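First comes the structure, then the notes that go with it.
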Amino acid sequence: MNKPDLIRLPGPRLRGRVLLLSKLLILLAAVLTLVSVNLCTALTLSLFLIVGQAAVIAGAGLALFVAATDFLRTRGTSEVHFNAGETVFRQGDVGDLVYVIVSGEVEAIREDPDGEDKVLATMGEGEYFGEMALLSDAPRTATVRARTDLDAIAMARADFTTLYAYLPNLRVNVESVMTERKAQNRERLGSKSSFGMLLAGATAAALMASAAHAAGDAAAGESLYKKHGCAQCHGMEGKGDGYLLPMLKETPTMRDWSDPEALDGLTDEFMIEITEKGGEGVGKSEIMLKYGKKLSRDEIVDIVAYIRSLQ
39 MNKPDLIRLP
49 GPRLRGRVLL
59 LSKLLILLAA
69 VLTLVSVNLC
79 TALTLSLFLI
89 VGQAAVIAGA
99 GLALFVAATD
109 FLRTRGTSEV
119 HFNAGETVFR
129 QGDVGDLVYV
139 IVSGEVEAIR
149 EDPDGEDKVL
159 ATMGEGEYFG
169 EMALLSDAPR
179 TATVRARTDL
189 DAIAMARADF
199 TTLYAYLPNL
209 RVNVESVMTE
219 RKAQNRERLG
229 SKSSFGMLLA
239 GATAAALMAS
249 AAHAAGDAAA
259 GESLYKKHGC
269 AQCHGMEGKG
279 DGYLLPMLKE
289 TPTMRDWSDP
299 EALDGLTDEF
309 MIEITEKGGE
319 GVGKSEIMLK
329 YGKKLSRDEI
339 VDIVAYIRSL
349 Q
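Be aware that the sequence shown starts at 39, since it is given in this note's numbering, and climbs by one per residue.
See below:
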């Protein structure tokens with residue numbers, strides 16, 4: 039398989055080594071500078087002029103190299119390599135890239151708090167991973183590790199979400215894969231995890247019911263509403279005229295929160311639940327993202343209070 043003509047960026051292991059070398063070189067230059075200033079002999083001055091300055095230039099150059107590759111990693115597409123056994127990303131990390139496998143294999147692992155790791159899936163050439171965190175705007179739900187030497191194409195969040203919005207075929211394919219992976223994950227996690235999720239769900243429901251009766255801060259809710267992307271679909275003033283809607287394959291019916299009848303029949307409990315779990319979590323449109331991992335329940339209550347205040 040021919041490899042694409044892309045920028046090849048260093049993996050995390052090489053990046054760490056380059057940064058360490060940069061720090062050591064700059065530290066060496068600092069030591070030589072102090073020695074030459076304090077002793078001021080022909081030997082120490084020669085060491086500073088010959089070795090110290092070279093160390094400063096080399097250290098700064100390596101640091102600049104890392105900064106440049108970090109910049110390129112978050113924009114456009116790039117080619118990355120991981121050695122067998124190396125971690126691509128960890129569960130709980132912020133999602134910034136989606137990966138397409140050019141050659142090699144990876145395994146997705148769910149790390150449980152009790153120390154029992156579970157292999158959820160293995161993926162090979164032509165498959166992609168890392169899209170869930172980008173689309174749900176939530177932390178990575180699993181650790182991905184290279185089973186063999188791995189070459190992959192990495193695409194930044196902004197570019198992937200743009201393609202996802204404008205290419206219907208890509209959107210359908212990604213949604214199909216995500217649904218299949220979620221079903222496989224539920225099956226592989228087994229009864230122990232299912233019971234844990236059931237218990238967590240029951241606890242969350244009880245907490246939501248009590249939080250719904252608390253007085254939210256509408257002013258704080260307005261700031262959160264605009265900061266975390268609610269306005270993309272619902273509009274800056276909650277009129278259902280968000281700028282992202284024209285980009286969607288299927289435009290959902292949006293409520294005008296300023297209409298007194300828009301919230302008829304919608305309880306605070308339901309509004310908190312759909313904000314926390316997302317549309318798919320309550321049997322509604324999957325376009326509505328879930329914010330339960332991104333925002334606290336108090337913050338979600340504030341957003342609901344702001345929506346109520348628009349009438």
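Even glycine gets a Cβ: it sits at the ideal position worked out from N, Cα and C.
Predicted model only: the values in this text are computed from it and were never measured.
Quiz item: If you check the beta carbons only, do A192 and V136 fall under 9 Å apart?
Solution: Yes, these two residues count as a Cβ contact at 9 Å.
Quiz prompt | Short Cβ contact (9 Å threshold) for L277 with D294 | solution = Note that residue 277 corresponds to Lys in the displayed sequence, not to Leu. Yes; because the gap between Cβ atoms is below 9 Å, this pair is in contact.
Quiz item: Which residue comes first and which comes last in the alpha helix (DSSP H) that contains M292?
Solution: Unbroken run through M292: none, as it is neither H nor E.
Quiz item: On the three-state DSSP scale, how would you describe E143?
Solution: In this structure, E143 counts as coil in the three-state DSSP scheme.
Self-check item: Beta carbon of Y344 nearer than 9 Å to that of A257
Solution: Contact annotation: Y344 and A257 have beta-carbon atoms nearer than 9 Å.
Quiz item: Given a threshold of 16 other Cβ atoms within 10 Å of its Cβ, counted over all protein chains shown, does K61 qualify as buried or as exposed?
Solution: K61 should be labelled exposed.
Quiz item: Count the other CB atoms within 10 Å of the CB of G133; is the residue buried (16 or more) or exposed (fewer)?
Solution: Buried, since its Cβ has 16 or more Cβ neighbours within 10 Å.
Quiz item: With C-beta atoms as the reference, is M161 less than 9 Å away from E149?
Solution: Going by C-beta atoms, M161 is not nearer than 9 Å to E149.
Exercise. Please state whether DSSP places H266 in a helix, a strand or coil.
Key: Looking at H266 - three-state DSSP - the assignment turns out to be coil, as it is neither helix nor strand.
Self-check item: Simplified DSSP state of V342, which is helix, strand or coil
Solution: Look at V342 here: in three-state DSSP terms it is helix.
Self-check item: Where L236 falls, given that 16 or more other Cβ within 10 Å makes a residue buried
Solution: Bear in mind that the predicted position of L236 carries a pLDDT of just 36, short of 50, making it too unreliable to give a figure here.
Exercise. Buried or exposed for G54, please, with buried defined as at least 16 other CB atoms from any protein chain shown within 10 angstroms of its CB.
Key: So G54 counts as exposed.
Quiz item: Rounded to a whole number of angstroms, what is the C-alpha to C-alpha distance between A105 and R128?
Solution: C-alpha of A105 to C-alpha of R128: approximately 22 Å in a straight line.
Practice problem: Report all residues from its chain with a CB closer than 6 Å to the CB of R195; omit the five preceding and five following residues, and keep chain order. | Solution: Counting only residues of its own chain and dropping the five nearest sequence neighbours on each side, R195 has a CB closer than 6 Å to the CB of D134, L172.
Quiz item: Expressed to the nearest angstrom, what Euclidean distance is found between the alpha-carbon atoms of E218 and E307?
Solution: Their Cα atoms are separated by approximately 30 Å.
Quiz item: Of the choices M170, L65, T71, whose alpha-carbon is the least far from that of A98?
Solution: When only C-alpha atoms are compared, the closest one is L65.
Practice problem: Specify the secondary structure class of R55 as computed by DSSP and reduced to three states. | Solution: The answer is helix: DSSP assigns R55 an H, G or I state.
Quiz item: How many Å lie between S74 and L52 at the Cα?
Solution: Spanning the two alpha carbons is a distance of roughly 33 Å.
Self-check item: Helix, strand or coil at M193 [DSSP, three-state]
Solution: Residue state, collapsed to three classes: strand.
Quiz item: So, are the CB atoms of I139 and E163 less than 9 Å apart?
Solution: Between I139 and E163, the C-beta gap is smaller than 9 Å, which places the two residues in contact.
Quiz item: Is the distance from the Cβ of L63 to the Cβ of F86 below 9 Å?
Solution: Not a contact, by the Cβ cut-off of 9 Å.
Quiz prompt | Outcome for K315 when other beta-carbon atoms lying within 10 angstroms are tallied against a minimum of 16 | solution = Looking at its Cβ environment, which holds 16 or more other Cβ atoms inside 10 Å, K315 is buried.
Practice problem: Pull up the distance between the alpha-carbon of T186 and that of L205, whole angstroms please. | Solution: For the pair T186 and L205, the Cα-to-Cα distance works out to about 32 Å.
Self-check item: Residue burial classification, T200 (beta-carbon count within 10 angstroms, cutoff 16)
Solution: Exposed.
Practice problem: For A122, name the three-state secondary structure that DSSP assigns. | Solution: Correct three-state label for A122: coil.
Self-check item: M161 - containing beta strand (DSSP E), residue span
Solution: Counting along the chain, the beta strand (DSSP E) containing M161 begins and ends at 155 to 161.
Quiz item: What is the rounded straight-line gap between the Cα of C271 and the Cα of D197?
Solution: The straight-line gap from Cα to Cα measures roughly 19 Å.
Quiz item: What's the call for V157, buried or exposed, on a 16-neighbour Cβ count within 10 Å?
Solution: Classification for V157: exposed.
Exercise. Throw me the rounded Cβ distance for the L327 and S174 pair, which I believe falls under 8 Å.
Key: Confirmed, Cβ separation roughly 6 Å.
Quiz prompt | Which of helix, strand or coil DSSP assigns to Y166 | solution = DSSP places Y166 in strand when its eight states are reduced to three.
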